[in-house]
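From first to last, the protein sequence lines stand for chains A and B. Numbering-wise (my numbering), the first sequence opens with residue 169 and increments by one. Numbering-wise (my numbering), the second sequence opens with residue 169 and increments by one. In what follows, a single structure is set out as structure tokens and then discussed.
There are 2 protein chains.
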Amino acid sequence: MEEKGEKVVSSAQLANKCMVNAAQVRKDLAYFGEFGIRGVGYFVKDLLNDIKRILGLNKEWKMALIGVGNLGSALLSYKDFLKLNYNIVAAFDIDPPKVIGRISEKLGKPVEVLHINRIKEVAKERKIEIGLIATPPSEAQRVADLLVEAEVKGILNFAPAQVTVPEGYVVKDVFFTTILDNLAYLLSN
Amino acid sequence: MEEKGEKVVSSAQLANKCMVNAAQVRKDLAYFGEFGIRGVGYFVKDLLNDIKRILGLNKEWKMALIGVGNLGSALLSYKDFLKLNYNIVAAFDIDPPKVIGRISEKLGKPVEVLHINRIKEVAKERKIEIGLIATPPSEAQRVADLLVEAEVKGILNFAPAQVTVPEGYVVKDVFFTTILDNLAYLLSN
């Protein structure tokens, strides 16, 4: 809406876009403070900034990618991360020389691919807070353990395997091939 | 397990890998028929084939990609789709000439990028069953409508916007940047 130059939005309009009801929108926002003006709505620009602040998106998040195979390369080439304040500042693989050629073909300014055994040192040095796991599923837990050891608190796990982390660490899964399998199942039944 | 040459697996082992309990594994499988041998377990190869059949993965699924921007290009370059029996057989964009250069840099044998207005005709011709939406969120519903019109029954929606489809159609969302935002929120609070 900001890109379209819209200045004001009502809770009803927001509700409609999110497919919830307007009371829910008002209630959810009220949870974080006072926004908007009764009878007018919310100023788009202000609300966007407030939501970014609430979500922790008003800062740059430094990320490490682990596993520069097929999926990892695709993630490295996904430039919108940066637009969203996420920045892949390091990439790791068990065999960096093998993958570097493939990467540099894809990216103007390639991220240096380092050996996985340097993760602890580099994570500290570059203040990495989020790790993206894009290894084969069989390696996911081992990588999660390395990230925990390196005190990387957040993990986005693209490898379709459940991993566990100690308290104080957070894992979120993005198993899109599993979701695709689920879709295929629904279509064939 | 098959890749590792393992022949037999118990429900306890499966449960452990899936982080559920063994009774649940047995119950879930029993829902689809009789598998495994009491006191022995399941033959890995047979079980894999049975699960593939149940999930509808013993056939090739033809997919169309809509939106060949940043994310779309990454999806096109994701070769594991094919290994999983998913095949992107057509790609569409509102401005094919603009994106074709970018694609062919990335892929040995590029998928032809067609204008979005050809989707209905091409979907029928190439028997497309799944559409991947990788457009900006503002275009997601419009693209979903086109897919429905083209009778593409399944949609995997990567554009972070809710879309609705009529009965008989299925949408699954993969909003990984939203999941990343959620992770950032949890880390900053």
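The beta-carbon is built from N, C-alpha and C at its ideal position, and this holds for glycine as well.
Beta strand (DSSP E) containing residue i: first to last residue?
i	result
Val-281 of chain B	281-283
Counting along the chain, where does the alpha helix (DSSP H) carrying residue i start and finish?
i	result
Ile-140 of chain A	One cannot answer for residue 140 of chain A here, as it falls past the ends of chain A, which runs 169 to 357.
Ala-194 of chain A	Residue identity check: residue 194 of chain A is Arg in the sequence provided, not Ala. Looking at the DSSP string, the run of the alpha helix (DSSP H) that includes Arg-194 of chain A is 190-198.
Val-290 of chain A	287-293
Gln-238 of chain A	Sequence inspection shows Asn at residue 238 of chain A; the Gln mentioned does not correspond to that position. Here the alpha helix (DSSP H) through Asn-238 of chain A covers 238-244.
Leu-250 of chain A	248-251
Kindly identify the DSSP beta-bridge partner or partners of residue i.
i	result
Ala-232 of chain A	A:Ala-258, A:Gly-299
Val-177 of chain B	B:Tyr-210
Lys-205 of chain B	The question names Lys, but residue 205 of chain B is Ile in the sequence shown. In DSSP, Ile-205 of chain B forms a bridge with B:Gly-209.
Report, in whole angstroms, the separation of the C-beta atoms of residue i and residue j, which I expect to be a contact under 8 Å.
i	j	result
Arg-310 of chain A	Lys-230 of chain A	The Cβ separation is near 22 Å, so there is no contact.
Val-193 of chain A	Ala-183 of chain A	5 Å
Val-290 of chain B	Ala-259 of chain B	No, Val-290 of chain B and Ala-259 of chain B are not in contact; Cβ-Cβ is about 10 Å, not under 8 Å.
Ile-234 of chain B	Leu-300 of chain B	7 Å
Ala-352 of chain B	Leu-250 of chain A	Not quite, the Cβ-Cβ distance comes to about 14 Å (not below 8 Å), so this is no contact.
Ala-302 of chain A	Leu-348 of chain A	Contact flag wrong, Cβ pair sits at about 16 Å.
Gly-209 of chain A	Ser-179 of chain A	7 Å
Leu-355 of chain A	Glu-297 of chain B	6 Å
Could you tell me which whole beta strand (DSSP E) segments of length 3 or greater appear in the stretch 318-345 of chain A? 322-325, 338-341
Touch test, the stretch 236-243 of chain A against the stretch 199-218 of chain A, Cβ-Cβ under 8 Å, three pairs minimum: no
Say whether the stretch 310-320 of chain A touches the stretch 173-191 of chain B, bearing in mind that this needs 3 or more beta-carbon pairs closer than 8 Å, one atom from each stretch. no
Does the stretch 328-343 of chain B touch the stretch 278-287 of chain A, meaning 3 or more C-beta pairs lie closer than 8 Å? no
Pair every Cβ in the stretch 322-338 of chain B with every Cβ in the stretch 252-269 of chain B, then say whether three or more of these pairs are closer than 8 Å. no
Using 8 Å as the Cβ pair cut-off and three pairs as the minimum, do the stretch 325-334 of chain B and the stretch 191-211 of chain A touch? With the cut-off at 8 Å, the stretch 325-334 of chain B and the stretch 191-211 of chain A do not touch.
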